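Worksheet: one structure, shown below.
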Amino acid sequence: MIINSICCLGAGYVGGPTMAMIAAKCPKIQVTVCDFNQKRIDAWNSDNLPVYEPGLKEVVESARGKNLHFSTEIKSAIAAADLIFVCVGTPTKSYGIGAGRAADLRYIESAARLIAEVSHGNKIIVEKSTIPVKTATAIQTIIAANSSNGATFQVLSNPEFLAEGTAVADMQNPDRILIGGEQTSEGQAALEALVSVYANWVPREKIITTNLWSSELSKLVANAFLAQRISSINSISALCEATGADVDEVARAIGTDSRIGPKFLKASVGFGGSCFQKDILNLVYLCESFNLPEVAKYWRSVVTMNDWQKSRFVEKIVRTLFNTVSGKRIAILGFAFKKDTNDTRESAAINVCRDLLAENAHVVIYDPRVPKETICSDLLEVGVSQELIDSNVEVALDPYSAVKGAHALATLTEWDEFRNLDLPKIHSLMLKPAFVFDGRAILPIASLAQHGFDAFIIGKGE
Ligand code: NAD
Ligand code: UGA
13 MIINSICCLG AGYVGGPTMA MIAAKCPKIQ VTVCDFNQKR IDAWNSDNLP
63 VYEPGLKEVV ESARGKNLHF STEIKSAIAA ADLIFVCVGT PTKSYGIGAG
113 RAADLRYIES AARLIAEVSH GNKIIVEKST IPVKTATAIQ TIIAANSSNG
163 ATFQVLSNPE FLAEGTAVAD MQNPDRILIG GEQTSEGQAA LEALVSVYAN
213 WVPREKIITT NLWSSELSKL VANAFLAQRI SSINSISALC EATGADVDEV
263 ARAIGTDSRI GPKFLKASVG FGGSCFQKDI LNLVYLCESF NLPEVAKYWR
313 SVVTMNDWQK SRFVEKIVRT LFNTVSGKRI AILGFAFKKD TNDTRESAAI
363 NVCRDLLAEN AHVVIYDPRV PKETICSDLL EVGVSQELID SNVEVALDPY
413 SAVKGAHALA TLTEWDEFRN LDLPKIHSLM LKPAFVFDGR AILPIASLAQ
463 HGFDAFIIGK GE
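Using this note's numbering, you'd call the opening residue of the sequence shown number 13 and step up by one each time.
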């Protein structure tokens, strides 16, 4: 099977960048990224891409208009494709059975129905969205029941492991590509066809092939293990603060053990992003569905610890500011869930700001990539009223105007520019005592003290 034409359903944080990379690396393959969302497609076709990722613009521009296309003409793109990536969202279900834990598969199902409706000939359908184990069966069943054009389908699982902020580098040089397929000759032929696409730039030994269920499950497990490390180090950050130990020193000491390794041991105000919490809850729900309550409880605790880390950070601010932040200006530096992205989904900053606003604080937010409309809609979504946003939320254009007249400053995203702030200037602009709450442990602790700040740094003893 030779792949000449690829269609991708979903032009989001995964669909757009991954397809741009495939197009750039495989000039002989026509790649069309489709979405219902006209605004998103227009943005992909403009100079102002809807996703900010270092290096992404260059990759998109190298192929767009040649073999990379962004379109809302979904049906014709599916009909023309040999291989269809499904990159639609799989958010946590907010209603009915499994609400708050299970994955909402309605976009996957509607994509499958659409593919069945318009397909002819042989198609390979690739699940790139993160989904519960056995979703491939659901896709196969829906397609088999709805296809009337004599088309044949093979479903593969090819989860995406890119991290936002480093997506281009992750795709260019991935740790591995994982592809699961059915253990039949047709399934293996489809799998080899997808392998040959990646083999244009990924060494063959990095392409792991498995059965469908191992591939689907490995994605959830990878995210669960990564998030578990963060919750583990965050739990230790609280102990460090209580005992006078330094969490970065502890992380370094344990991370040099090659069995533990140094990555994902940076204590923080809590992990965010659209996937860690969603995927762990999805895993929890799977365990419950398979009657494994102890396993479910074990993984649930990773999210519980993360929630506690965010709320204890707010509590620390309130207690330190003499038990009240009512009417006080709190400068918030960083709103994205991590640096080098404009994505704010599940960002710890949303909960921190919501809880400070509930205490009647006045928050002044600065983020180099997140616009005011995103900040306001995120706060509205977590229940902050429009009235409170209008009266108590300000968005600043730079860190110095954010801290002007502030009682406290909190760093919530580890943007590089926050590492080199002009601390004397900030101190002079703030009310005294000038309180700093560093939720990312990025500010220079010795300079903070030297310049007269009263600083709390996550995971560092008093
Ligand atoms: P997203 O919300 O940014 O994008 C999904 C897009 O799919 C939306 O633009 C939506 O309009 C579109 N869509 C929905 N139904 C469609 C249909 N039938 N046809 C065409 N378009 C349709 O989501 P995302 O962040 O790109 O995530 C997509 C999937 O990838 C999720 O399952 C997620 O868990 C997984 N994932 C995300 C990341 C990440 O870094 N964001 C990394 C790895 C895996
Ligand atoms: C994560 C995984 O790293 C990707 O492999 C996966 O593909 C993706 O989820 C997904 O499935 O969506 P992402 O959420 O983009 O990627 O970013 P991460 O770098 O994993 O960071 C997640 C959160 O953890 C951020 O809020 C980050 O600040 C926080 N974090 C990360 C820490 O607090 N400490 C760390 O040591 C590392």
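For every residue, glycine included, the Cβ atom is placed at its ideal position computed from N, Cα and C.
Given the structure is predicted, the values throughout are model-derived calculations rather than measurements.
- When the five nearest sequence neighbours on each side are left out, the beta carbons in the same chain lying within less than 6 Å of the beta carbon of Ala-114 are those of Lys-105, Tyr-297, in order along the chain.
- Of all alpha-carbon atoms in Glu-261, Ala-279, Ala-111, the one lying nearest the alpha-carbon of Ser-243 is that of Ala-279.
- The segment 264-283 makes no contact with the segment 203-215: fewer than 3 CB pairs, one atom from each, lie closer than 8 Å.
- Comparing alpha-carbon positions, the option among Thr-44, Gln-240, Lys-384, Ala-91 lying closest to Leu-295 turns out to be Gln-240.
- Between the C-alpha atoms of Ser-169 and Glu-327 there is a straight-line separation of about 43 Å.
- Sequence-distant partners of Met-317 (beyond 5 residues in either direction) whose C-beta falls short of 7 Å from its own C-beta, in its chain, are Ser-243, Asn-246, Ser-247.
- Annotation for Phe-349: no alpha helix (DSSP H) segment contains it, and DSSP assigns it neither H nor E.
- Under the three-pair Cβ rule at 8 Å, the segment 123-140 does not count as touching the segment 323-340.
- Taking 7 Å as the cut-off, one finds at least one heavy atom of ligand 1 near enough to the beta carbon of Ala-123.
- The segment 222-310 contains, as complete alpha helix (DSSP H) runs of 4+ residues, the segments 224-255, 259-267, 288-301 (chain order).
- Beta bridge pairing from DSSP links Glu-139 with Val-98, Ser-169.
- Taken atom to atom, the span from the alpha-carbon of Asn-335 to that of Ile-457 is near 24 Å.
- Per the C-alpha coordinates, the member of Pro-305, Thr-102, Val-130 positioned closest to Glu-121 is Thr-102.
- In terms of Cβ geometry, Arg-357 and Phe-347 do not form a close pair [threshold 8 Å].
- With contacts defined as CB atoms closer than 8 Å, Met-183 and Met-31 fail to qualify as a contacting pair.
- Annotated three-state conformation of Asn-57 is coil, per DSSP.
- Across the structure, Asn-235 and Cys-38 are spaced so that their CA atoms are roughly 29 Å apart.
- Taking all protein chains shown into account, Gln-50 has fewer than 16 neighbouring C-beta atoms within 10 Å of its C-beta and is therefore exposed.
- As a beta-bridge residue in DSSP terms, Arg-76 pairs with Leu-80.
- Its Cα nearest to that of Leu-21, the residue Ala-123 stands out among Leu-117, Ala-123, Pro-29, Leu-80.
- Assignment of Lys-340 by DSSP, reduced to helix, strand and coil, places it in the coil class.
- Residue nearest to Ala-467 within the set Tyr-25, Phe-325, Ser-359 is Phe-325 (criterion: CA-CA distance).
- By the criterion of a C-beta distance shorter than 6 Å, Asp-450 is surrounded in its chain by Thr-423, Ile-469, once the five residues flanking it on both sides are discounted.
- In the three-state DSSP reduction, Tyr-25 falls in the coil class, being neither helix nor strand.
- For Ser-159, the closest of Lys-146, Ile-127, Thr-147, Pro-144 by C-alpha to C-alpha distance is Ile-127.
- Sorted by position in the chain, Leu-21, Gly-22, Ala-23, Gly-24, Tyr-25, Val-26, Gly-27, Cys-46, Asp-47, Phe-48, Asn-49, Arg-52, Ile-86, Cys-99, Val-100, Gly-101, Thr-102, Tyr-119, Ser-122, Ala-123, Leu-126, Ser-141, Thr-142, Glu-172, Leu-174, Glu-176, Ser-286, Cys-287 make up the residues whose C-beta lies under 6 Å from a heavy atom of ligand 1.
- Shortest Cα-Cα distance from Glu-129 to any of Leu-206, Ala-89, Leu-368, Val-207 involves Ala-89.
- The shortest CA-to-CA distance from Val-167 to any of Ala-360, Leu-443, Asn-161, Ile-96 is the one to Ile-96.
- With fewer than three CB-CB distances shorter than 8 Å, the segment 308-315 does not count as touching the segment 382-402.
- Residues of the same chain with a CB within less than 6 Å of the CB of Leu-277, apart from the 5 flanking positions on each side, are Ile-245, Ala-263, Gly-267 in chain order.
- In this chain, the beta strand (DSSP E) harbouring Ile-469 covers 466-469.
- Ala-157 sits in a helix when the DSSP states are folded into three classes.
- Excluding sequence positions up to five before and after Ala-408, its CB lies within less than 6 Å of the CB of Val-376, Tyr-378, Ala-414, all in the same chain and listed in chain order.
- Ligand 2 never approaches Asn-363 closely enough for any of its heavy atoms to be under 7 Å from the residue's Cβ.
- Every unbroken stretch of the beta strand (DSSP E) spanning 3 or more residues and falling wholly within the segment 185-211 is given here in chain order: 189-193.
- Shown here for Asp-116: same chain residues with a beta carbon closer than 6 Å to its own, the five before and five after excluded, namely Pro-103, Lys-105 in chain order.
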